[in-house]
Amino acid sequence: MASSLNTLIRSSAWSVMSIGSAIYDSTGKAVYTNTALRRIFNLSPAEMLELQGNYNLFDDPSLADPEVQADIKRAFAGEKVLLPTLDYVIVDAHGQPSNRHLAARFTLKPLGDAQPPEYVVGYFHDVSEAMELETQISARRDEIARMSQQDSLLKAEIAARAVPVVPILPGILVLPLVGGIDPVQADQIITALLQASSRNNADTVILDLTGVPVVDTAVANYILQAINALKLLGTETIVVGISNEIAQTIVQLGIRLDSIATRADLQSGLMAALERQNLTIESI
């Protein structure tokens with residue numbers, strides 16, 4: 598054992614290694630320390646020698662947790678032990694807690710093969726910078742998540758405003774569609790229609806396709822989905838503005854719109870909606 602101890606003490610690698618280290622005897626007293634540990638504790642060589650006389654690993658207030666003490670005892674029984682990361686309060690030359698603390702992790706390793714070991718080597722890892730970096734990364738990750746959520750909400754709001762469901766009379770809404778319709782826009786249309794219908798207690802929605810140049814199977818299915826969803830809310834749909842080209846496409850695709858009310862234009866669609874409510878427009 599003495600040979601192993603002397604070899605470690607004389608090792609220039611141990612003396613100047615960047616990780617703070619101490620050698621403890623079987624009672625927990627620090628009998629040797631290296632330069633890195635002295636720097637971590639910010640003590641002069643004389644102060645470190647004084648600390649070695651006052652310090653005992655088993656009495657360190659930062660290591661007082663029962664589970665940590667159990668781990669330390671395992672090391673002195675002959676096991677290599679890695680203690681959990683601790684909020685470590687640095688002690689002064691008198692072995693008393695100072696006003697300095699850092700995040701630290703201890704590795705305790707028996708020296709030699711004797712059971713139980715006469716000496717245990719402790720390696721003191723200062724992980725404060727790593728913990729701070731991890732905290733910053735976590736905070737940044739949370740910030741990115743919040744920004745992403747805000748971005749999603751903003752996009753949803755923009756999308757909702759891009760689908761102008763217009764209440765023109767009590768119980769009657771009009772949605773004019775313009776341009777091509779893709780799956781994302783179709784979802785936005787269905788969502789906007791359902792929200793507007795529920796919000797306005799709509800009896801009828803007039804879906805104006807005058808500005809839609811092309812209708813394929815997907816678009817037709819989206820329209821049917823919207824109509825069926827509205828029907829579940831008790832809202833009927835009148836489709837207006839179906840051009841000759843769109844009508845031919847619908848027929849060629851074999852899509853049946855028999856159960857859906859259609860009108861040539863917005864005016865006739867509005868008249869049909871009023872009829873549903875037993876209302877008419879009269880000139881004065």
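Quick note on numbering: the sequence shown equals residues 598 to 881 in our numbering.
Heads up, the beta-carbon is just placed ideally off N, CA and C, and yes, glycines get one too.
Nothing here was measured: the structure is a model prediction, and the numbers come from that model.
Check: Alpha-carbon to alpha-carbon, residue 680 and residue 826; Outcome: 60 Å
Check: Beta-bridge pairing of residue 706 - partner residues as DSSP gives them; Outcome: 718
Check: Residues near residue 740 by beta carbon distance below 6 Å, same chain, minus five either side; Outcome: none
Check: Simplified DSSP state of residue 694, which is helix, strand or coil; Outcome: strand
Check: Same chain only: Cβ atoms within 6 Å of residue 858, ignoring 5 sequence neighbours per side; Outcome: 835
Check: Cβ neighbour criterion (16 or more within 10 Å) applied to residue 634; Outcome: buried
Check: Three-state secondary structure assigned by DSSP to residue 842; Outcome: helix
Check: Under 8 Å between C-beta atoms of residue 873 and residue 833; Outcome: yes
Check: Between the CA atoms of residue 709 and residue 649 - distance to the nearest angstrom; Outcome: 22 Å
Check: Residue 627, DSSP secondary structure in three states; Outcome: strand
Check: Contact check, residue 698 vs residue 689, beta carbons under 8 Å; Outcome: no
Check: Other residues of its chain near residue 761: CB distance less than 8 Å, five sequence neighbours each side excluded; Outcome: 772 and 773
Check: Burial state of residue 777, where buried means 16 or more other Cβ atoms lie within 10 Å; Outcome: exposed
Check: Cβ-based burial, residue 672 [other Cβ within 10 Å; buried from 16]; Outcome: buried
Check: Integer Cβ distance of residue 799 from residue 837, believed to fall under 8 Å; Outcome: At roughly 16 Å, the Cβ-Cβ gap does not stay under 8 Å, so residue 799 and residue 837 are not in contact.
Check: Where the beta strand (DSSP E) containing residue 805 begins and where it ends; Outcome: 801 to 808
Check: Closest Cα partner of residue 625 within the set 714, 871, 682 and 751; Outcome: 714
Check: Beta-carbon gap between residue 716 and residue 621 smaller than 8 Å; Outcome: yes
Check: Neighbour-count burial assignment, residue 775, 16 or more Cβ in a 10 Å radius; Outcome: exposed
Check: Distance, residue 738 Cα to residue 811 Cα; Outcome: 43 Å
Check: Check whether residue 678 and residue 700 have beta carbons under 8 Å apart; Outcome: no
Check: Which residues DSSP lists as bridging residue 860, in chain order; Outcome: 837
Check: Buried or exposed by the 16-neighbour rule on C-beta atoms within 10 Å, applied to residue 785; Outcome: buried
Check: Range of the contiguous beta strand (DSSP E) that encloses residue 829; Outcome: No beta strand (DSSP E) contains residue 829, which is instead part of the alpha helix (DSSP H) from 814 to 829.
Check: Under 8 Å between C-beta atoms of residue 801 and residue 768; Outcome: yes
Check: Sequence-distant residues of its chain with Cβ nearer than 8 Å to residue 616 (five each side left out); Outcome: 633, 720, 721 and 722
Check: Other residues of its chain near residue 687: CB distance less than 6 Å, five sequence neighbours each side excluded; Outcome: 638, 695 and 697
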